[in-house]
Amino acid sequence: MLLRFPTPACITTICFMILTWSCWSVVALQSDGDLSHAPILPTSKDNDTQQQLLCLPFGACEPCPEESLQQPFCQPFGNRRLMHCVNITSPSNPTTLLQRPPSPPSEHSPSQPHPEGETLAWESCGRIISQERADFFEFIACNVFFAIVALFILFVRSRRLQAIQARQLAARIGLIRGNNGRR
């Protein structure tokens, strides 16, 4: 029986899939960049409250709880980040907020004390990088699985078709003998 090799189109498809997968994995593994923000200064000159707030992110982006999903700070992606804000027009020194140590882990306890003069707030933030990366690799894994299953089915069907065609050819030229070796 002749050994059948994959067709050039099949090899090209496999190479294209491997190239695409490797390009996407390189894009996904690139560094996340600096996720910290500079202080957010108010830009409106028509501030009715006569207060100027300086806000700094405190922690990483986290998913909003179900009861807060309709709040503006949870829009558009359903993620939020804790902010610590101080009134920069107050007599206390706002540089204490800037001199704080880096943000703690993303879990923030409401019972945890915060310095006097600080206001806790939430800001809307984009997608959570680790969650998006996990979703991306899940998507890639599913695509690879489906590609492997499709290629397996393709090879099984092509071998079956080849065997059927070989039997038909053998029957036409009389190589198959039926009835105990008689023609």
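What the sequence shown shows, in mature numbering (1 follows the signal peptide of the UniProt record, and there is no 0), is residues -28 to -1, 1 to 155, in sequence order.
Positions of the beta carbon are idealized from the N, C-alpha and C atoms, including for glycine.
1) Put R99 into one of helix, strand or coil per three-state DSSP.
2) Tell me whether R53 is buried or exposed, calling it buried when 16 or more other Cβ atoms sit within 10 Å of its Cβ.
3) Residues in its own chain within less than 8 Å of L41 by CB, not counting five upstream and five downstream?
4) Would you mind sorting F(-13) into buried or exposed? The rule is 16 or more other CB atoms within 10 Å of its CB.
5) Can you tell which of L92, F111, Q47 has the C-alpha that lies nearest to the C-alpha of H56?
6) Go ahead and label R144 buried or exposed: buried means 16 or more other beta carbons lie within 10 angstroms of its beta carbon, across all protein chains shown.
7) If you draw a straight line from the alpha carbon of G98 to that of S130, how long is it in whole angstroms?
8) Alpha carbon to alpha carbon, how far is Q103 from C27? Give it in angstroms, no decimals.
Taking the structure as given:
1) coil
2) buried
3) G50
4) exposed
5) L92
6) exposed
7) 48 Å
8) 26 Å
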